[in-house]
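Have a look at the structure below, then the notes.
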Amino acid sequence: MSTSVNDLLVLGGGVTGLAIARLAARSGWPVVLAERDDIGHGASTATSHMLHGGLRYLEHGRFSLVREALSERMTVSRLAPSLARPTRFLVPLRKGDRVGPLRLRAALALYDLLAGRAAPSPYVMADARQALALEPGLEREGLRGAGVYSDVVMDDARLNIAVARDAQAAGARILTRTELVAARPDASRGTIHVELRERGSGEVTSLETRLIVNATGAWSDRTRATVLGMLQPGAPDPPRMLKPSRGTHLVYPALTQGHGLVTLAADGRVLFVVPFAGRSLVGTTEVEVQSPPSDADRRPHADEIRYLASEVARLVPAAARVHPIAVYAGVRPLAAAEEGVGEASREHRIAIDGALLTIVGGKYTTFRRMAEDLVVRAAALLKREVIPHDDYSDPLPLSLPDSASDEAFAEHAIQHEWARSLDDLVRRRSTRWLANDRGLSAARAMTPVLARALGWDASREKDEIDRFENALRDELMMLDRALATR
Ligand SMILES: Cc1cc2nc3c(=O)[nH]c(=O)nc-3n(C[C@H](O)[C@H](O)[C@H](O)COP(=O)(O)OP(=O)(O)OC[C@H]3O[C@@H](n4cnc5c(N)ncnc54)[C@H](O)[C@@H]3O)c2cc1C
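Take any residue in the sequence shown, note its place counting from 1, add 5, and you have its number in this note's numbering.
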């Protein structure tokens, strides 16, 4: 039993919870973060990989959201320059498009203006010939030209780990595969006695905290009800804060010469082709799911796969002859609103229920701002100070590069980055899952390292590699089946 009292227990190791733990720890507060699974197990490794203001939010008049996100685009790029790459995006213009050249030009000019000094390089308008010189694979029919502007492509998984390592370096204690099993208020001390269970070993850790932060993404409604049930037995369930939505991406061999593409799909949704790690990420969809999402809600559906494959082929015809190499999906923890999920606000919301603070919504891009907003509210409750971010002089700690040997990479990620499974290593610590063999040979080389470090016997080692191979086989079969009927 730990005797010191923590200021915060943060539940959830997505980018939001990690950033909250980081800012609180950098302000000198004692902080523990408990993630039920692995770091980045939720939406924070299922993104379009964009640090962006979101061109389409201009249409909805959300200028302050766009301005804030564009400013964060630059700050986060400075924090982790090797994980965030400025990239030129083309928005092709065709006859009969809902958005014509004048409107596109105005939107791109406004986007650059809102970025202020943070704009990597300004937009230009290209005619059809110039657009095809930049990206010869674009559909030629009806092409009138393109707007060309800048945004930033990031490595979402490794950015999570970098934020986690920075939080730890500042003193935060980070526990993965750990869940809250009990929380009891102690009115005399003004604290909460908490029990956390490590899911693998079943080991229970007891600690005391002044506040609990619920940053559990698409699971936040359930977590809020559960924790309030522990703190105030018999209290009615709180109203829902979430309107979660699934988004799916296909991964193709590179479809462009290195530019990103943005277009409006036939149904008016935005479609991105994002160049990442030598591949093209094609997304995304918006399908409202229940709160909390079921396992099926978190998996890509065949109609989403067919939709993305057919839309990308309208943009880059060669895509029709190329099979995607991967598919992934995640659930956005969108704040509940009257609108459909496509129009739902990407702004965040915070609810305070006594000693429990819940945060939902927001975007990956604005993780520092969300953390600041929450920690400032916690500071008011704790009568503590927040030390403002000094993110201009302190870059985040870096992992080993992808070029490190599989064995060295695994050793490092197990020792310093909380990796405990092949999925953690291949999918959430590196880009090995995008290799031609989808990380299979890396997984085979890494399994003995995991086994040695974690004390696995031969049968546990075999189970791990079998699990990895079976999941990969299932994913590829799902892709094949969905596209067989396209
Ligand atoms: C398809 C898609 C594309 C996106 N693209 C972009 C983009 O390009 N740019 C951008 O800025 N944003 C993007 N977003 C939004 C962004 O991903 C999310 O806003 C952000 O990652 C949410 O982070 P989070 O930490 O709040 O939630 P999550 O990342 O979901 O983290 C929540 C964590 O809580 C854990 N957890 C759940 N229950 C418990 C519990 N009881 N105890 C402890 N832990 C628990 C989960 O395992 C999970 O790790 C996208 C989202 C999706 C789904």
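The C-beta atom is built at its ideal place from N, Cα and C for all residues, glycine as well.
**Prompt:** To which residues does DSSP link M159 through a beta bridge?
**Reply:** Within the sequence shown, residue 159 is the residue found at index 154, counting from 1. Paired residue(s): A89.
**Item:** Coil, strand or helix - M6 by DSSP
**Value:** Locating residue 6 in the sequence shown gives position 1, where the first residue counts as 1. Annotation note: pLDDT 43 at M6 (below 50); position unreliable, coordinate value reported separately. Three-state result, M6: coil.
**Prompt:** How many angstroms separate the CA atom of V81 from the CA atom of F372?
**Reply:** Residue 81 sits at position 76 when you count from the first residue of the sequence shown. Residue 372 sits at position 367 when you count from the first residue of the sequence shown. If you take the alpha carbons of V81 and F372, they lie about 9 Å apart.
**Item:** Whole-number beta carbon distance between G288 and H254, since they are thought to touch under 8 Å
**Value:** Here residue 254 corresponds to residue number 249 of the sequence shown, with the count starting at 1. Here residue 288 corresponds to residue number 283 of the sequence shown, with the count starting at 1. Right, the Cβ-Cβ distance comes to about 4 Å (below 8 Å), so this counts as a contact.
**Asked** Got a sec? Which residues, its chain only, sit under 6 Å from S7 by beta carbon, not counting five neighbours each side?
**Response** Taking the first residue of the sequence shown as position 1, residue 7 is located at position 2. Since pLDDT at S7 reaches only 47, below the 50 mark, its modelled position is unreliable, and no value is offered.
**Request:** Could I get the ranges of all uninterrupted beta strand (DSSP E) runs contained in the segment 32-97, with 3 residues as the minimum, in chain order?
**Result:** List check, beta strand (DSSP E) in window: 36-39.
**Message:** Can you list, in chain order, the residues of its chain with a C-beta nearer than 8 Å to that of P400? Leave out the 5 residues immediately preceding and following it.
**Reply:** Looking up residue 400 in the sequence shown gives position 395. Hits under 8 Å: R83, L84, A85 and P86.
**Asked** Between A447 and D411, is the Cβ-Cβ spacing less than 8 Å?
**Response** By one-based count along the sequence shown, residue 447 stands at place 442. By one-based count along the sequence shown, residue 411 stands at place 406. For A447 and D411, yes; Cβs fall inside 8 Å.
**Message:** At a cut-off of 7 Å, would you count T214 as near ligand 1, judging by its Cβ distance to the nearest heavy atom?
**Reply:** Locating residue 214 in the sequence shown gives position 209, where the first residue counts as 1. No - ligand 1 has no heavy atom lying nearer than 7 Å to the Cβ of T214.
**Prompt:** Can you name, in chain order, every residue of its own chain whose Cβ lies under 6 Å from the Cβ of T492, other than the five neighbours on each side?
**Reply:** Only positions 6 to 491 of the chain appear in this structure, which leaves residue 492 out of reach.
**Prompt:** What is the DSSP secondary structure of A120, reduced to helix, strand or coil?
**Reply:** Taking the sequence shown and counting its residues from 1, one reaches residue 120 at position 115. Note: A120 maps to helix in three-state DSSP.
**Continuous alpha helix (DSSP H) stretch holding Y312: start and end** = By one-based count along the sequence shown, residue 312 stands at place 307. Counting along the chain, the alpha helix (DSSP H) containing Y312 begins and ends at A307 to L320.
**Message:** On the DSSP letters alone, give me the boundaries of the beta strand (DSSP E) that G335 sits inside.
**Reply:** For the purposes of this step, residue 335 is identified with residue 330 of the sequence shown, where counting begins at 1. Residues A331 to R337.
**Item:** Proximity test, M55 beta-carbon vs ligand 1 heavy atom, cut-off 7 Å
**Value:** Mapped onto the sequence shown, residue 55 falls at position 50. The answer is yes for M55.
**Item:** Sequence ranges, beta strand (DSSP E) only - wholly within the segment 367-427, length at least 3
**Value:** none
**Request:** Answer with buried or exposed for G562, where buried requires no fewer than 16 other C-beta atoms within 10 angstroms of its C-beta.
**Result:** The structure shown does not extend to residue 562, since the chain is modelled only from 6 to 491, so the question has no answer here.
**Message:** Since L276 and A270 should fall inside the 8 Å C-beta cutoff, what is the C-beta to C-beta distance between them, to a whole number of angstroms?
**Reply:** Taking the first residue of the sequence shown as position 1, residue 276 is located at position 271. Taking the first residue of the sequence shown as position 1, residue 270 is located at position 265. That pair is a contact at about 5 Å.
**Asked** Quick check: the segment 141-154 against the segment 87-107, are there 3 or more CB pairs under 8 Å?
**Response** The way I'd put it, the segment 141-154 does touch the segment 87-107; three or more beta-carbon pairs between them come closer than 8 Å.
**Spatial neighbours of A415 in its chain, beta-carbon cut-off 6 Å, leaving aside the 5 residues before and after** = Position 410 of the sequence shown holds residue 415. Around A415, the same chain offers L430, M451 and V454 as residues with beta carbons nearer than 6 Å, after the five sequence neighbours per side are excluded.
**Prompt:** Cβ of G222 within 8 Å of Cβ of A334?
**Reply:** For this step, residue 222 is matched to residue 217 along the sequence shown. For this step, residue 334 is matched to residue 329 along the sequence shown. No, they are not a contact pair.
**Message:** Closest to E352 by C-alpha separation, out of Y128, D378 and W224, would be which residue?
**Reply:** Within the sequence shown, numbered from 1, the residue matching residue 352 stands at position 347. Selected option, being the one with the closest Cα: D378.
**Request:** Output the residue ranges of the beta strand (DSSP E) runs that lie fully inside the segment 150-225 and measure 3 residues or longer, sorted by chain position.
**Result:** Fully enclosed beta strand (DSSP E) runs of 3 or longer: 178-180, 183-191, 196-203 and 209-219.
**Item:** Buried/exposed call for D485, threshold 16 Cβ in 10 Å
**Value:** In the sequence shown, residue 485 corresponds to position 480, counting from 1. Burial call: exposed.
**Prompt:** What's the C-alpha gap between Q237 and A188?
**Reply:** Here residue 237 refers to the residue found at position 232 when the sequence shown is read from its first residue. Here residue 188 refers to the residue found at position 183 when the sequence shown is read from its first residue. Computed Cα separation, rounded: 10 Å.
**Item:** Alpha-carbon spacing of A341 relative to M375, whole angstroms
**Value:** Position 336 of the sequence shown, counting from 1, holds the residue named residue 341. Position 370 of the sequence shown, counting from 1, holds the residue named residue 375. If I take the Cα positions, the gap works out to 17 Å.
**Asked** When we look at the beta-carbon of N11 and count the other beta-carbons within 10 Å, is it buried (16 or more) or exposed?
**Response** Residue numbering aside, residue 11 sits at position 6 when the sequence shown is read from its first letter. By the neighbour-count criterion, in which a residue is buried when 16 or more other Cβ atoms sit within 10 angstroms of its Cβ, N11 is buried.
**Message:** Between which two residues does the alpha helix (DSSP H) holding R472 run?
**Reply:** Reading the sequence shown from its first residue, position 467 is the one you call residue 472. From DSSP, the alpha helix (DSSP H) with R472 extends over A463 to A489.
**Prompt:** So what's L260 in DSSP terms, helix, strand or just coil?
**Reply:** To locate residue 260, count along the sequence shown from 1; it is residue 255. Coil at L260, not helix or strand.
**Message:** Just checking S49 against ligand 1 - is the residue's beta carbon closer than 7 Å to any of the ligand's heavy atoms?
**Reply:** In the sequence shown, the residue the question calls residue 49 occupies position 44. Yes, since a heavy atom of ligand 1 falls inside the 7 Å radius drawn around the Cβ of S49.
**Asked** Does the beta-carbon distance from V15 to A220 come in below 8 Å?
**Response** The count along the sequence shown starts at 1 and reaches residue 15 at position 10. The count along the sequence shown starts at 1 and reaches residue 220 at position 215. Yes. Within cutoff.
**Item:** the segment 305-324 touching the segment 137-145, judged by at least three CB pairs closer than 8 Å
**Value:** yes
**Prompt:** Can you tell me whether DSSP reads S296 as helix, strand or coil?
**Reply:** Along the sequence shown, one-based indexing puts residue 296 at 291. Looking at S296 - three-state DSSP - the assignment turns out to be coil, as it is neither helix nor strand.
**Prompt:** Would you say G45 touches ligand 1, meaning its beta carbon is less than 7 Å from a heavy atom?
**Reply:** Here residue 45 refers to the residue found at position 40 of the sequence shown. Look at G45: its beta carbon is less than 7 Å from one of the heavy atoms in ligand 1.
**Request:** Using three-state DSSP, classify S126 as helix, strand or coil.
**Result:** The residue given as residue 126 occupies position 121 in the sequence shown. Coil at S126, not helix or strand.
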